[in-house]
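Step one of this worksheet: look at the structure below.
Residue numbers (this note's numbering): 11 to 693.
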């Protein structure tokens, strides 16, 4: 027997829930994972429940429905647990169906509940909360059921790849919210089953056996769709389907009512406030803790948040990045106040991408996948404050992760791969604070291949891989397995360091497209080899075109020589240059040569350019645009009219297409194009 991830949720709630795909790694936000057994209440596996909410809330609201591994007899504990759980699910399923179908018949209610009970046994053996120990001698801690390599959350197995936001809101952790959120899928298929699988019969008729078979078919249809997606509502009728074992397993659970073996009293009252917890209402107890107030650093589930002046919670998805919130609102960083998600329901909320937020907050912080040069040997540690593994020699390294320590000190720590005693070892270096970082580690040009592709590197996609307009966005086309593409840009999301590569691809339909492919995650373990791997360059194409003697810096988005930075620069950066006393150089164009063609560009010193353009994900005054393939864009006024500019990188294929379409226009060889010209090249 195996618990299955709730794939149906990614489709069935597409109109009301988060339907996007978040490439979470296996065991995302899963700490201190424990095993179990395929018995009621102990299905493998479990992870610390407090990654998503306070244990005090669970213990205060769900007393009796927590399986206790410390019991002298697990058999007796299983019976106690199921006797507590059964009336909870009985009352919750009764309340749910009556709210959706006020006139529901007693016969349909009985069949729906029986189907729900069978679903719980098929998915997780009715397992949700459990007190368990990591190993012998360790303390017992509150765990939450996690299945399907950690992607399935709770007794209903809500999948974090399709419901990332909802799980952050507690719909995996909070048992009744987990049930209510997921049972919508089962009910949707329950309603579709008559027309789809039962010959259009909507009212059961005939002998008692025929009526029983009708309701049995409704239940089997609902579970097939719950497990396989809405198009699989009739899957159970196909004996040749690859999932026939699953469907037959559900049938056996339904027929034999295997949950009843551990339940003595079917009429016992529920020991928790089912209605309140289903509705998440204001009368539900709130865990002991602090209040949502300005000036406090808040932990909401796994996220860190601050309350900004406009009564908006600004958050980042992992508390390790809390220091990066300092630019959004001031707070006392000496302590963190844990609050329950229900306490935040009345506030607007902004969830920031750590990779963009931390760059904007910390001047000089290097981005994921960029190169740094360390200026002296530095201790390499197993974790940001872990044991010393050895000394990483002064040299050039790639940033594999980062962390900011202290809202004021802005200590920056980088994860790198260094040679320690002849062995390539991943670990963390302390690259200094706001005051000292420039003497310890600085931006650099790549030296050799990286664990993550650098701009200009070629990779071969491992599976058939979707190319999307934005990272995780609208599908453009599928790139066949083993196709070589050149990486033009790397973009990271979330604390799992999900990686996306910007590429150009000439499809077999003859159309050139630019977009993004998913390249894997780095945390808690690298999955890059499953998505895109290094390969030999099949051509001399460039990821971006630069003046002679310069290179494109993917972190700063500019062409650079050893001492100078080349434009075009944003209007906002030019104004910052003027305000800083840069003088005429801020707006003057100077002769340059790109691909053997003379063009005029502004050229600034590196220090002036760094200060004027800022350290944001986009240059000062520009922002990522979903409508422009996630390029940085800036809207300016020229000749009294608003115009939008799109900033690169623009690779060789796109540059050549621009030159052909625009009559050899000079802007095609620069890092800034008119938006209309850029969009004209996007199919």
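Beta carbons: idealized from backbone N, C-alpha and C, even for Gly.
The structure presented is a predicted model; accordingly, all values stated were derived computationally and were not measured.
Below 8 Å CB to CB, which residues in the same chain sit around residue i once its five sequence neighbours on both sides are set aside?
i: residue 659; result: 465, 498, 499, 512, 553, 554, 562, 564, 567, 681
i: residue 588; result: 596, 597
i: residue 600; result: 610, 611, 612, 613
i: residue 491; result: 471, 472, 473, 474, 475
i: residue 409; result: 376, 377, 378, 379, 380, 381, 382, 424, 425, 426
i: residue 416; result: 333, 343, 443
i: residue 685; result: 638, 643, 653, 654, 655, 656
On the premise that residue j lies in contact with residue i, defined as a C-beta separation below 8 Å, what is that separation, rounded to the nearest angstrom?
i: residue 287; j: residue 385; result: The pair is not a contact, with the Cβ atoms about 56 Å apart (cut-off 8 Å).
i: residue 438; j: residue 394; result: 5 Å
i: residue 399; j: residue 430; result: 6 Å
i: residue 625; j: residue 374; result: 6 Å
i: residue 448; j: residue 420; result: No, residue 448 and residue 420 are not in contact; Cβ-Cβ is about 12 Å, not under 8 Å.
i: residue 269; j: residue 127; result: 5 Å
i: residue 643; j: residue 627; result: About 12 Å; that fails the 8 Å criterion.
i: residue 515; j: residue 529; result: Their Cβ separation, rounded to whole angstroms, is 14 Å, which puts residue 515 and residue 529 out of contact at 8 Å.
i: residue 61; j: residue 41; result: 6 Å
i: residue 282; j: residue 98; result: 6 Å
Rounded to the nearest angstrom, what separates residue i and residue j at their Cα positions?
i: residue 556; j: residue 446; result: 32 Å
i: residue 300; j: residue 222; result: 53 Å
i: residue 293; j: residue 280; result: Unreliable positioning characterises residue 293 in this predicted model, as indicated by a pLDDT of 47, which lies under 50. A coordinate reading is not provided.
i: residue 347; j: residue 324; result: 15 Å
i: residue 307; j: residue 64; result: 16 Å
i: residue 675; j: residue 319; result: 47 Å
i: residue 361; j: residue 368; result: 13 Å
i: residue 641; j: residue 669; result: 19 Å
i: residue 691; j: residue 657; result: 15 Å
i: residue 312; j: residue 663; result: 43 Å
i: residue 622; j: residue 572; result: 18 Å
i: residue 506; j: residue 533; result: 5 Å
i: residue 569; j: residue 646; result: 22 Å
i: residue 616; j: residue 558; result: 17 Å
i: residue 322; j: residue 338; result: 10 Å
i: residue 284; j: residue 107; result: 14 Å
i: residue 583; j: residue 540; result: 40 Å
i: residue 236; j: residue 187; result: 17 Å
i: residue 151; j: residue 485; result: 43 Å
i: residue 50; j: residue 355; result: 34 Å
i: residue 199; j: residue 245; result: 12 Å
i: residue 433; j: residue 366; result: 33 Å
i: residue 103; j: residue 171; result: 26 Å
i: residue 536; j: residue 467; result: 19 Å
i: residue 163; j: residue 230; result: 22 Å
i: residue 678; j: residue 606; result: 13 Å
i: residue 75; j: residue 141; result: 11 Å
i: residue 117; j: residue 96; result: 19 Å
Closer than 6 Å by C-beta to residue i: which residues in its own chain qualify, once you throw out the five before and the five after it? Chain order, please.
i: residue 585; result: none
i: residue 291; result: Bear in mind that the predicted position of residue 291 carries a pLDDT of just 49, short of 50, making it unreliable; the figure below should be weighed with that in mind. For residue 291, where only same-chain residues beyond five positions count, there are no Cβ hits under 6 Å.
i: residue 227; result: 208
i: residue 54; result: 45, 46
i: residue 508; result: 33, 531
i: residue 353; result: 302
Run the CB neighbour count on residue i, radius 10 Å, all protein chains shown included, and call it buried at 16 or more, exposed below.
i: residue 413; result: buried
i: residue 418; result: exposed
i: residue 157; result: buried
i: residue 148; result: exposed
i: residue 683; result: buried
i: residue 52; result: buried
i: residue 462; result: buried
i: residue 214; result: buried
i: residue 137; result: buried
i: residue 455; result: exposed
i: residue 166; result: buried
i: residue 22; result: Only weak support is given to the placement of residue 22: the predicted model assigns it a pLDDT of 30, under 50, and the question is left unresolved by the model.
Could you pull out every residue in the same chain whose Cβ sits closer than 7 Å to the Cβ of residue i, ignoring the five residues on either side in sequence?
i: residue 59; result: 65, 68, 139, 152, 153, 154, 183
i: residue 336; result: 371, 417
i: residue 551; result: 496, 661, 662, 663
Examine chain C for any beta-carbon lying closer than 8 Å to the beta-carbon of residue i, and answer yes or no.
i: residue 536; result: Although the question refers to chain C, the structure presented lacks it and comprises just one protein chain.
Original post:
Going along the chain, which unbroken runs of the beta strand (DSSP E) with 3 or more residues stay wholly within the stretch 501-583?
Top reply: 508-516, 522-531, 542-544, 561-563, 568-570, 574-576
Subject >> Uninterrupted alpha helix (DSSP H) stretches inside the stretch 284-369 (no shorter than 4 residues) >> reply: 284-289
**OP:** Jot down the residue ranges of each uninterrupted alpha helix (DSSP H) in the stretch 54-105, minimum 4 residues, whole runs only, in chain order.
**Re:** 65-71
Original post:
Enumerated in chain order, which unbroken segments of the alpha helix (DSSP H) with a length of 4 residues or greater are wholly contained in the stretch 143-219?
Top reply: 174-178, 185-207
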